[in-house]
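Asker:
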DNA sequence: TGGAGAATTATACGAATGTTTAGGCTCTCT
DNA sequence: AGAGAGCCTAAACATTCGTATAATTCTCCA
């Protein structure tokens, strides 16, 4: 009964540039879950509500921008523990904490852990909504850059090991001649690989390639 | 009497790689100022103590890594107001708040504003020292990158407007021929400028130059 | 065993790049 | 007016880059 709540099938297009977003709500109190769901749905946000952190961890995160609204005090895994757990799993969903009986160290720990906000009851609905908007926006941006990097990485993965090596050295600024010496190849071979690298990576200019190497964190290790 | 406290002239070299650091302490209670100063000096940190935010704002910030330890509650400008003020002035000194009578919204606001920590009395000295170490380390890193950027910027400023234009377009990946067309120059002229740019910027390879343009945030505006 | 397909090299040529030498032009400062 | 500085171009040359064609070697697989 605490599963994913019915998503409104009205298909209302969001007026924001952020597109659709999902708000995950975790609270052990059914009535709070319901009222939060109503609040978010009233502003055209999709909602998925859970009664405990474990329930939420079993499902998988959606491909859309999302955020997490949860009470610090939860049965089983506490809110802060969930935050730690998600960080360990490398899940960077922005979190908004709500609490009735929190204290300052708790809020500081949450904020240090990257929480978007830490609201104390009673709070105004608008406060929560503002935080949710900020959180989903942050998530959207994060997903954007992550997607860009992932796309580049998948291209990079299609390169043969030789091609990757050439790309590293070229991006480091070495001339074909030097790359050839480093890899103990003929210069012409380097040229061939270099051309293939440009094509496979979709780089139209050397500047493109260098920037790609930059965002991929590729730097040539100078072993000697 | 609340001016810069005597710096210990023992000239003890810090064992950390961070080198010397200064801790600014702001508190209206003299005895607290003194005890905090003692605490920090006991671990070889330089200290400058003030009785109010205004006093501190009048002086100027040092060139070394530093951080700010202050009570939220201060005469005149409050701690949070000082944080806002410093942000407006583009002074990014890391702040550690200490409070006896704080609340959660206050701590959340402080943390949202970039504070390193928000400690409640009573706190353990070690907690505060840990926070100070983290803060100065953060400041040191920030200064490092800022210095790098400033150095690059000063080099860039020595370029003539033509040379800057050429650098932008070259960094964008255009060929000499295209740069020449864009700027309505002869290709040979672009070559000359390009060479001068490389020399003036201290770039040994095109990759270097592109990375410099990257960190300077230079991107060619395509007006047409 | 034959062949498909890589990895690698060679030759050759056209295009792009970098530097040097030499000059002309305009503006400013003295 | 003259000197200097910055801006612009030209010719010539050497170097580097990019690509096409062809050949070699090797592995893997049917």
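Protein chains in written order, with the working numbering: chain A, 1 to 224; chain B, 225 to 448.
Don't be surprised by glycine CBs; every beta carbon is placed ideally from N, CA and C.
To which residues of the same chain is residue 379 of chain B closer than 6 Å at the C-beta, ignoring the five residues directly before and after it?
Answerer: 425
Asker: Can you list, in chain order, the residues of its chain with a C-beta nearer than 7 Å to that of residue 311 of chain B? Leave out the 5 residues immediately preceding and following it.
Answerer: 337
Asker: Given a limit of 9 Å on CB to CB distance, which residues of the segment 374 to 398 of chain B reach chain A?
Answerer: If the cut-off is 9 Å between Cβ atoms, the segment 374 to 398 of chain B has 394, 395, 396, 397 and 398 near chain A.
Asker: Suppose you measure from the CA of residue 94 of chain A to the CA of residue 431 of chain B; what does that come to, to the nearest Å?
Answerer: 36 Å
Asker: Kindly confirm or deny that the segment 48 to 62 of chain A and the segment 150 to 165 of chain A touch, where touching means at least three C-beta pairs closer than 8 Å.
Answerer: no
Asker: Whose C-alpha, out of B/400, B/429 and B/328, is nearest the C-alpha of residue 417 of chain B?
Answerer: B/400
Asker: Once DSSP output is grouped into helix, strand and coil, what is the label at residue 382 of chain B?
Answerer: coil
Asker: Among A/123, A/217 and A/107, which residue has its Cα nearest to the Cα of residue 342 of chain B?
Answerer: A/107
Asker: Taking the alpha carbon of residue 357 of chain B as the point to measure from, which residue in B/300, B/320, B/325 and B/279 has its own alpha carbon closest?
Answerer: B/320
Asker: Report the three-state DSSP secondary structure of residue 429 of chain B (helix, strand or coil).
Answerer: coil
Asker: Does the beta carbon of residue 335 of chain B come closer than 8 Å to any beta carbon on chain A?
Answerer: With 8 Å as the cut-off, residue 335 of chain B counts as an interface residue toward chain A.
Asker: Kindly examine the ligand ADP and report whether one of its heavy atoms sits closer than 7 Å to the Cβ of residue 298 of chain B.
Answerer: The ligand content of the structure shown is nil, which means the ligand ADP is not present either.
Asker: What residues in its chain sit with their C-beta under 7 Å from that of residue 179 of chain A, if we drop five residues either side in the sequence?
Answerer: 166, 169, 170 and 190
Asker: Take the Cβ of residue 160 of chain A as the centre, count every other Cβ of all protein chains shown within 10 Å, and call the residue buried at 16 or more, exposed below.
Answerer: exposed
Asker: What span of residues does the alpha helix (DSSP H) with residue 52 of chain A cover, start to end?
Answerer: Note, residue 52 of chain A: premise wrong, no alpha helix (DSSP H); not H, not E.
Asker: Mind checking residue 124 of chain A: buried by the 16 CB within 10 Å criterion, or exposed?
Answerer: exposed
Asker: Check whether the Cβ of residue 108 of chain A lies closer than 8 Å to any Cβ atom in chain B.
Answerer: Judged by the 8 Å Cβ criterion, residue 108 of chain A is in contact with chain B.
Asker: Quick one: grab the DSSP three-state call for residue 327 of chain B.
Answerer: coil
Asker: Can you list the beta strand (DSSP E) stretches of 3 or more residues lying completely in the segment 28 to 116 of chain A, in chain order?
Answerer: 46 to 50, 65 to 71 and 95 to 99
Asker: Within the 8 Å Cβ cut-off, does residue 84 of chain A reach chain B?
Answerer: no
Asker: For residue 202 of chain A, decide whether its Cβ has a neighbour in chain B, counting only Cβ atoms nearer than 8 Å.
Answerer: No, no contact with chain B.
Asker: Report the rounded CA-to-CA distance for residue 143 of chain A versus residue 252 of chain B, giving the unit in angstroms.
Answerer: 46 Å
Asker: Quick one, are the C-beta atoms of residue 250 of chain B and residue 298 of chain B less than 8 Å apart?
Answerer: yes
Asker: Distance cutoff 8 Å, beta carbons only. Does residue 120 of chain A sit that close to anything in chain B?
Answerer: yes
Asker: Who are the neighbours of residue 438 of chain B on chain A, taking C-beta pairs under 9 Å?
Answerer: Residues of chain A whose Cβ lies closer than 9 Å to the Cβ of residue 438 of chain B are, in chain order, 210, 211 and 214.
Asker: Could you check where the alpha helix (DSSP H) with residue 396 of chain B kicks off and where it finishes?
Answerer: Careful: residue 396 of chain B lies outside any alpha helix (DSSP H) and carries neither H nor E.
Asker: Please list, in chain order, all residues of the same chain as residue 359 of chain B whose beta carbon is under 7 Å from its beta carbon, the five residues on each side excluded.
Answerer: Answer for residue 359 of chain B: 291, 318, 320 and 340, listed in chain order.
Asker: Helix, strand or coil: how does DSSP classify residue 250 of chain B here?
Answerer: Strand, per DSSP.
Asker: So, for residue 308 of chain B: in the same chain, excluding its five sequence neighbours on each side, which residues have a beta-carbon less than 8 Å away from its beta-carbon?
Answerer: 337
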